[in-house]
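Reading through the structure tokens given below for one structure.
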Amino acid sequence: MTGFSFNTFFGLEGKIAAYPEATIFGAMLVPILLLIPIAVIGWIFRKLKFNMYIIHVLMYTLLFTFIIGTLTIFILFFITDKNGVKLAYCWLTILTGMFVFSLINANTITKMFTDWSKIIKEKENQ
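Each residue of the sequence shown is one higher than the one before, starting from 2 at the first, in our numbering.
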């Protein structure tokens, strides 16, 4: 039985190891590219009056992953040994953590954004 190795990444380890900068590019681009179709699906769900909880969870996950994940990957890239495979695993860990966080706190985050929206509208009307 073989043990887990940080030198493998779904068959892409050769490309990622050769270009660790691609991990930074992917950490910034993947959440933004995934936000677009999820926003369209959310718009369709809203029109059909479906439950938006999972859509909110996915959108918050991608938003927080973009912000926190990109910052973390930049820091790790410049501080560590620039191993793209390890950076990719770190990014996946951040994505998973943000998903769990968003899953637990989606209603609170939605209420926070709603309250901020009300405050901004009140400031504009004054």
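Where a beta carbon is used, it is the ideal one built from N, C-alpha and C, also for glycine.
By alpha-carbon positions, which one of L64, A107, G98, L72 ends up nearest to L34? For the purposes of this step, residue 34 is taken as the residue at position 33 of the sequence shown. Looking at the Cα atoms, L64 is the closest of the given residues.
Excluding five sequence neighbours on each side, which residues of the same chain lie with their C-beta closer than 8 Å to the C-beta of P21? The residue labelled residue 21 in the question sits at position 20 within the sequence shown. These residues qualify, in order along the chain: F78, K83, N84, G85, L88.
Can you tell me the Cα-Cα spacing of W117 and A23, whole angstroms? Position 116 of the sequence shown, counted from the first residue, corresponds to residue 117. Position 22 of the sequence shown, counted from the first residue, corresponds to residue 23. About 36 Å.
Can you tell me where the alpha helix (DSSP H) holding D82 begins and where it ends? Indexing the sequence shown from 1 puts residue 82 at position 81. Element bounds for D82: n/a, residue is neither H nor E.
If I measure Cβ to Cβ from T71 and keep anything under 6 Å in the same chain, skipping five residues before and after, which residues do I get? As a position in the sequence shown, residue 71 is number 70, starting the count at 1. Excluding sequence neighbours, T71 sits near A28, M29.
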